[in-house]
Amino acid sequence: MRQLSSAVPVPFDCPSPQASRQRATKSTKAASSHHTFSQERASYLRVRSFTSKFIMSSNEDKGTVSLGAEYLYTWEAELEEPIIVPNGPSGTRAVVKIAEDTGKVYGPALNGRVVGPSSDWILIGTDGTVSLDVRVLIQTEDEQIIYQKINGRAVRDGDNPSNSTIQSGSTYETSSGKYQYLNKKVVTGLGRKTGNKIKIMYYDVQGTGED
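Each residue of the sequence shown is one higher than the last, beginning at 14 in the numbering used here.
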């Protein structure tokens, strides 16, 4: 199975646990290098698509699924200091407001700014999992309002927990005819948080199946 994430599975046919670890280490380093969301890479990111195929199997049949992803836009903002609600029944809640006049979106599909109230209601589970629950209002450059709901995960850097890698899915609500197509989509977001700054690139992922 070919995956679209940066995680690289350890092959099942490795001859020994030691060889498995060595091969997994090399593959993970290569994948990490390839999927670094640096400022330099983002500067020349444009609309693009790619196709990946993998095999779906069951007891009855097998098929091929083609996945394509198109870059839509980039979302940037700065975050205020969190308000902490510690040790709740589900873990620790951190409520983080998006700093006023710092949020912006830009790209071929969407351009505008983030307006208030917009915040992330982060939940840090008892096992350390960081779950994102973001509610955002976007005002487009043509004065339309779009509500964006983001759910996802943030994986903190081991050497600096104030930085993290973000994977998320977004849904939208709007009455604007120009942007109503977003109401029917779940858009994939991939990005980074560095200190109090966050930058996420959003993609429309679609798939087609073949027998």
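All C-beta atoms in this analysis are idealised placements derived from N, C-alpha and C, irrespective of residue type, glycine included.
Check: Cβ atoms of E113 and Y216: under 8 Å apart, would you say?; Outcome: no
Check: For G125, count neighbouring C-beta atoms within 10 Å of its own C-beta (all shown protein chains included) and say buried if the count is 16 or more, exposed if not.; Outcome: buried
Check: Can you tell which of G138, I135, V149 and Y119 has the C-alpha that lies nearest to the C-alpha of V128?; Outcome: V149
Check: Identify every residue that forms a DSSP beta bridge with G104.; Outcome: G101
Check: For the beta strand (DSSP E) that contains A167, what are its first and last residues?; Outcome: I158 to R169
Check: Report back the beta-carbon spacing between S144 and R166 to the nearest angstrom; my notes put them in contact at under 8 Å.; Outcome: 6 Å
Check: Does the distance from the CB of V118 to the CB of Y86 come in under 8 Å?; Outcome: yes
Check: Put K292 into one of helix, strand or coil per three-state DSSP.; Outcome: This structure leaves residue 292 out entirely; the chain is present only between 14 and 224.
Check: Taking only three categories from DSSP, how would you classify G81?; Outcome: strand
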